[in-house]
Every structure is written in structure tokens, then in C-alpha cells.
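Residue numbers (the numbering used here): 92 to 601.
Think of the CB as a built atom: it goes at the ideal place given N, C-alpha and C, for glycine as much as any other residue.
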């Protein structure tokens, strides 16, 4: 008996809507046995695979449907979604665009195309598509939230704030928008308001690890007392002095991000820069830096602006783009002061295309460490004969700053390079990678120590490692919930990750 295709599809779709996925798949396969390249059957079977979390198979099946009939918008949309699930955003963008060419009113395709373009670094194009979605559907809360994310990446913070607020007006329980609004406030230094948004987000989404981590950060920010050891760090100061003197010419316009005391700006002015613009977001620090600059007779050579670098505007705060971009906004964990997005935005909007970026790069190293003393700083088992191990649920999950040499420890491996950041290169993307570290000695792996080397230029660098003399930077230690035994010569596999703002290590064998 010949297969009635129309009836078969109706049956399969009914099974699918009722959640009888196996039965729906069986019907699609019967259709494909009779018609191996039937585009609708290929498409719907591929869609099942996509919903099952098997995007590779979805790409293969829906790709065959597209090859059989290129004129169906849903084919391209779902193929694009499968590519996006595989983080192949270039292919996803191609097929979202094809879906839009066939159906210009497909708002889902336009919204998702914008997301893919942003992942590809084409943020301005993504903004245009989000705005087109909102022109057609002003009540599209997700698009307002996504537009806020894109505008935030472009440094258009006031517009981003409006986007998040509008999303929350439309959907007050939109947890992702609350988290994003909190991040915006946190980045802008409004820690109290940031904490409030993260708390609201966690009320709605208690498992949101990002919101929980950022809530801790918002609550823990205090007056930055690290300025004092930093100013007394002779190795750091001398390295910057030598690198600045090598980079600055009499015609150079210098932009110094994060003035602090004004030290680096004064070095640049003393080196003969034609103009120095230095910015500092903390108003009391900016005022004191002006006093220091004047005390050293350089007030007529340095423009100290009490703004974030992301708020500086050409023609208003700077007459022309910078020839030399100086930054020292590194915390113990390298990225925590937003050095990646800040430098990228400054390069894009405030510096010349061939500007010298100083420092130009940083390399992160990791070493396996045994230290019961340090483990006790972030791990408990018993106290006074009582089992208190459940208290470990409050242990810090991110690396914490310590000076390794101040604690009894034994290094079980040589340092291994785990990450590299090129501040003068293309945009830096979030990364997660598996790294094997050979153990040179047997022992109990309690933690991984991380530190970095700043490369100011091709010859001058600053090392923040445990063997470096006089550095004000601490190492950051990822202390694991439990010790892991390792043997000499064993390759210990760890996962190192960063989100452009923080670096962390996942436990071995996790």
C-alpha cells in the first residue's frame, strides 16, 4: 500500500505535539524510506534532533532539506539555530539572513541574526537588527534585553540602561535582564544598586551562578587600599617608566587609563609627550591626582579627567586620537578590573589604528600546589570534634588572592602557560580550555596557583609569580573542595576558563 504522505505528516506532527517523540521519529523515517530526500521529513527529523540536544545531526539532516529546497524560510532558520548551538556563528548568520530574505517579517530570525553577528564581533550590525525587531514589535522584551547587551559592549551605557529597564517594564520577572542590569551597575561602580538587581535575579533564578558571583563582588568592594603597595612596587614602576620612555616621542599624544596617583601620566609627560590625557573614574582619587600633578609642575602638560575611559569623547575630552595607550588596570587575577573591554573600546574609539598599546600582552601561568595550610583557608572538615563539612557550601568558588610564599606549601609541578591575552591584537573572546600539567612530584593536589607576566613591549616585562621579588600583586589560588592525590610524572588535566572579566580553574577530572 502506497504511503499517504499528507496523512503521515499529520500523524507525526500530532505525535510530536503530544510529546511522543519516538513515534513521531518512526513516521518521519518511514517517509524517508520511501522518499530519502523528502525535505519536510528531513527538516522535521532534524528539528527533533536539535530539541534533543544533538545539533551535529540536526545540521546534517536540515542541511539536506535545504539542499533539496532552498526556498523555505523555516529550513534556514532551524539550520541556523543548529549551527548556533554548535557555536558556528558564521554559518548561523548566513542561514538567518537567508530566512530573512525569504521572510522579511521573521522577527525571530532577525533577533537571532543579531545575536550571531554580535558573537562574530559585528556589534553595530547586531544593534541595527535589534532596533528593526523593536520597530516592528516594541513589546519584544527579549530584544530590549539583547539590545542592552550590545549597547553595553559598545560603551553606550545610558542607552543600554534604558534597554534593560524597558525589558523589565515589559517583564518584571525577567531574570536575565535583572542580571544584566546588575552587571551594568557593577561596571559603572554603583555597587549598592548592582547588589539589589542581583538579589532580585537570584530570587527568581536561585541557580544563577553568574549573578551569585557578581553579588559577592558587589558586596565586597571596598576602598582600593592596593594603591599604596602598588606605588611602592619599584619593579613595576621601573618597568613602566622604561617602556613609556621607549614609546613616547615629542609628537606623541598619550592616553593613560586609570590615573590613580597620576604616576604613569607624569612619566609620559616627563618623557616629552606633546599631550597627555589621563582619566580616573573615582572622583576623590582624580582630585588628589590633580594635586600631585600640580605639585610636580606638570599641570600644564597633563589633562586629568574625572571620568571612566568609556565615557571619554573625541572633540570634547580629547582633541585627537592617541598615539600611545597606557593601561595598568590589572588586579591579582589579571582581568577583574575589566581590562579587556576597556582597552578594546579605547583602541576602537580613542586611539589611532597603529597606536602603541602598553602593556601589549599578558601570559597566565599555573602550577599544581600542595598546601594543607592554604586549603584550610577555604575548606573545613571538623571543629572541636564536630563534623562541620557542610559549611564548605559557602567556600569561595573563584580564585582568591594570597602570596604563596607566606604559607607552607610544596609545588608539585613547574609553571605551565595556560592563557595568553593580546591587548594589541583582535578582540579577545571568552575561552574555556583543557590543559594538562605534568606533576614533577607526588603529593596531594590542594590547589592551583595562577599568576601572570605582563609584557610592556618586546623587551620589558613584569612577573607577578611567587618567585618574583617585591611585586605588589598576589597570586590567585583556586583551592579545591577536596585534595586529589597525584603521582610523579602524572599529567593532571584541569579546565581553565575566562569570561573576559575573570579567570578560574575547574577541579581536576571535573
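{"Query": "Beta-carbon proximity of residue 266 to residue 299, cut-off 8 angstroms", "Result": "yes"}
{"Query": "Within 8 angstroms, strictly: CB atoms of residue 190 and residue 164", "Result": "yes"}
{"Query": "Reference residue 336, options 428, 492, 548, 495, closest by Cα", "Result": "548"}
{"Query": "Pairwise C-alpha distance: residue 402 and residue 395", "Result": "14 angstroms"}
{"Query": "Residue ranges of each beta strand (DSSP E) within the segment 284 to 352, 3 or longer", "Result": "344 to 348"}
{"Query": "Beta-carbon proximity list for residue 237, same chain, < 6 angstroms, skipping 5 on both sides", "Result": "221"}
{"Query": "Neighbourhood of residue 129 by C-beta distance below 7 angstroms, restricted to the same chain and skipping five residues each side", "Result": "122, 123"}
{"Query": "Proximal residues to residue 92 (C-beta, below 6 angstroms), its chain only, five neighbours per side dropped", "Result": "Interpretation of residue 92 is limited by its pLDDT of 42, a score under 50 that renders its predicted location unreliable; the figure taken from the coordinates is listed afterwards. So no residue of the chain qualifies."}
{"Query": "Check whether residue 377 and residue 350 have beta carbons under 8 angstroms apart", "Result": "yes"}
{"Query": "Span of the beta strand (DSSP E) around residue 148", "Result": "Residue 148 -> not in any beta strand (DSSP E); alpha helix (DSSP H) instead, spanning 146 to 159."}
{"Query": "Cα-Cα separation between residue 379 and residue 281, rounded to whole angstroms", "Result": "21 angstroms"}
{"Query": "For residue 187 and residue 313, the rounded distance between their alpha carbons", "Result": "Below a pLDDT of 50, predicted positions are generally treated as unreliable, and residue 313, at 42, falls in that range; the measurement from the model is reported next regardless. Rounded to the nearest angstrom, the two C-alpha atoms are 46 angstroms apart."}
{"Query": "Selected residue, minimal CA-CA separation from residue 166, among 405, 131, 145", "Result": "131"}
{"Query": "Closest residue to residue 264 among 290, 244, 283, 275 (Cα-Cα distance)", "Result": "290"}
{"Query": "Close-in-space but distant-in-sequence residues of the same chain around residue 169 (CB under 8 angstroms, 5 per side omitted)", "Result": "134, 137, 138, 141, 149, 153"}
{"Query": "Local conformation of residue 231 per DSSP, three classes", "Result": "coil"}
{"Query": "Residue 578 in three-state terms, based on DSSP", "Result": "coil"}
{"Query": "Other residues of its chain near residue 171: CB distance less than 6 angstroms, five sequence neighbours each side excluded", "Result": "183, 186, 187"}
{"Query": "Alpha-carbon spacing of residue 525 relative to residue 510, whole angstroms", "Result": "11 angstroms"}
{"Query": "Expected contact under 8 angstroms - CB spacing of residue 429 and residue 592 to nearest Å", "Result": "6 angstroms"}
{"Query": "Bridge-paired residues (DSSP) for residue 508", "Result": "456"}
{"Query": "Cβ pair residue 472, residue 464 closer than 8 angstroms", "Result": "no"}
{"Query": "Reference residue 599, options 564, 557, 556, 529, closest by Cα", "Result": "529"}
{"Query": "CA nearest to the CA of residue 255, picked from 275, 245, 244", "Result": "275"}
{"Query": "Where residue 484 sits in the DSSP three-state scheme", "Result": "helix"}
{"Query": "Residue 207: first and last residue of the uninterrupted alpha helix (DSSP H) it sits in", "Result": "198 to 210"}
{"Query": "Alpha helix (DSSP H) segment containing residue 100, residue limits", "Result": "96 to 108"}
{"Query": "Exposure of residue 305, with buried meaning 16 or more beta-carbon neighbours within 10 Å", "Result": "buried"}
{"Query": "Between the CA atoms of residue 499 and residue 540 - distance to the nearest angstrom", "Result": "14 angstroms"}
{"Query": "Proximity to residue 567 [Cα-Cα], best of 283, 352, 489", "Result": "489"}
{"Query": "Neighbour-count burial assignment, residue 146, 16 or more Cβ in a 10 Å radius", "Result": "buried"}
{"Query": "Cβ shell of residue 359 (< 6 angstroms), same chain only, five flanking positions each side left out", "Result": "335, 339, 345, 367"}
{"Query": "DSSP state of residue 444 mapped onto helix, strand, coil", "Result": "strand"}
{"Query": "Cβ neighbours of residue 422 in the same chain (closer than 6 angstroms, five flanking residues each side left out)", "Result": "428"}
{"Query": "Endpoints, beta strand (DSSP E) assigned at residue 257", "Result": "Unbroken run through residue 257 is the alpha helix (DSSP H), 248 to 261; no beta strand (DSSP E)."}
{"Query": "Contacting residues, own chain, Cβ-Cβ under 7 angstroms from residue 243 (five flanking each side not counted)", "Result": "251, 275"}
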